[in-house]
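What follows is a single structure, written as structure tokens, with notes after it.
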Amino acid sequence: MNDMILVEKLSKTYTSGKVTAVCDIDLAVTAGSVTAVMGKSGCGKTTLLNLIGGLDVPDSGRVTIDGTDISAMPENELSRFRADNIGFVFQFFNLIPELTAEENVIFPLMIRGVKPDAEYLKNISEVLELGELSSRLPSQLSGGQQQRVAIARAILHKPKLLLMDEPTGNLDEENSAKIGKLIGRLRGDLGITVFYVTHDGDMAKIADRVIGMSDGRIVSDEVNAR
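When we follow the numbering used here, the leftmost residue of the sequence shown carries the number 571, and every step to the right adds one.
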């Protein structure tokens, strides 16, 4: 299969070059796969995620998403590319308190003037088990339920790639396990490539592949047995 993510000689420093967050990384991720990145806080895993998603600009190197080099794209072009091809899920759910679960899911498309695909919305609602939650406000949802709404919002525009930063970081063990199972379904049922950062060993077990990082470098790369 083709590479969904191709990273070549990627580096990023902060504080005027004094802090190296990502150092000379090469990485290829197959389309349709689930990949986890693990490492201690400050190892560079979130920076790598942000560089892959075009949310940060590398000092050197190249990021190619599904055959498109995004490293030197003008910001307006990059913004359109992200909106069309990449979904993002973060540790904090960032749901709008005044909107129902379903309204939160469709809101990003509404502000772009795009009508949601009703059949696809129904499909992802079934995959993420949102049916009975659709009319509830965020304050009426548990942390795990809010995260499922956030995932649905991130994939409603049918992205090729879903990037997740500590998707279970604010969840208890039971809800983390549920989100882990649902991540597998995103690939299996919807064909989305999933790339996520986690410090949770159990979450890493659901991935096809686990990348280990330390001091801005990849120090391990293992395939999970199935």
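We treat Cβ as the ideally placed atom computed from N, Cα and C, and that holds for glycine. Bear in mind the structure is a predicted one, so any value in this text is a computation, not a measurement.
Rounded separation between residue i and residue j - CA only
i           : j           : result
residue 683 : residue 649 : 16 angstroms
residue 652 : residue 630 : 20 angstroms
residue 660 : residue 734 : 6 angstroms
residue 590 : residue 711 : 39 angstroms
residue 739 : residue 576 : 26 angstroms
residue 718 : residue 766 : 15 angstroms
residue 605 : residue 642 : 25 angstroms
residue 729 : residue 656 : 5 angstroms
residue 627 : residue 762 : 24 angstroms
residue 723 : residue 731 : 14 angstroms
residue 795 : residue 681 : 43 angstroms
residue 601 : residue 634 : 12 angstroms
residue 701 : residue 778 : 29 angstroms
residue 768 : residue 644 : 30 angstroms
residue 699 : residue 751 : 12 angstroms
residue 760 : residue 603 : 12 angstroms
residue 798 : residue 714 : Because the chain spans 571 through 796 in this model, residue 798 falls outside it and cannot be assessed.
residue 607 : residue 632 : 19 angstroms
residue 775 : residue 615 : 17 angstroms
residue 646 : residue 574 : 22 angstroms
For residue i, the three-state DSSP class (helix, strand or coil)
i           : result
residue 792 : strand
residue 784 : strand
residue 574 : strand
residue 777 : coil
residue 654 : helix
residue 712 : coil
residue 616 : helix
residue 677 : helix
residue 581 : strand
residue 684 : coil
residue 772 : helix
Candidates the options: closest to residue i by CA position
i           : options               : result
residue 753 : 728, 740, 727 and 773 : 773
residue 578 : 605, 777 and 640      : 640
residue 737 : 728, 727, 749 and 726 : 749
residue 781 : 716, 618 and 572      : 618
residue 690 : 646, 726 and 741      : 726
residue 572 : 637, 615 and 607      : 637
residue 741 : 770, 670 and 755      : 770
residue 658 : 688, 607, 615 and 720 : 720
Range covered by the beta strand (DSSP E) that runs through residue i
i           : result
residue 733 : 731-735
residue 594 : 589-600
residue 635 : 630-635
residue 660 : Careful: residue 660 lies outside any beta strand (DSSP E) and carries neither H nor E.
residue 604 : 604-608
residue 763 : 763-767
Residue interval of the alpha helix (DSSP H) (run including residue i)
i           : result
residue 755 : 743-760
Near the ligand NAD: residue i beta-carbon under 7 angstroms from a heavy atom
i           : result
residue 613 : With respect to the ligand NAD, the structure shown offers nothing to examine, as it has no ligands at all.
**Asked** Can we say the stretch 599-613 touches the stretch 673-692, given the rule of at least three CB pairs closer than 8 angstroms?
**Response** Touching, no, given that fewer than three Cβ pairs across the two stretches are closer than 8 angstroms.
**Asked** Would the stretch 689-704 and the stretch 619-636 be scored as touching if the rule is three or more Cβ pairs under 8 angstroms?
**Response** Fewer than three pairs of CB atoms, one per stretch, sit closer than 8 angstroms, so the stretch 689-704 makes no contact with the stretch 619-636.
**Request:** Decide if the stretch 738-751 is in contact with the stretch 572-589; the criterion is three or more beta carbon pairs, one per stretch, under 8 angstroms apart.
**Result:** Per the Cβ contact rule, the stretch 738-751 is not in contact with the stretch 572-589 (fewer than 3 Cβ pairs under 8 angstroms).
**Asked** Is it a yes or a no for the stretch 588-600 touching the stretch 782-789, going by three-plus beta-carbon pairs under 8 angstroms?
**Response** Contact between the stretch 588-600 and the stretch 782-789 is present, because at least three Cβ pairs lie under 8 angstroms.
**Request:** Flag this pair as touching only if the stretch 653-671 and the stretch 698-714 have three or more C-beta atom pairs under 8 angstroms; answer yes or no.
**Result:** As far as the Cβ criterion goes, the stretch 653-671 touches the stretch 698-714, which means the pair count is three or higher.
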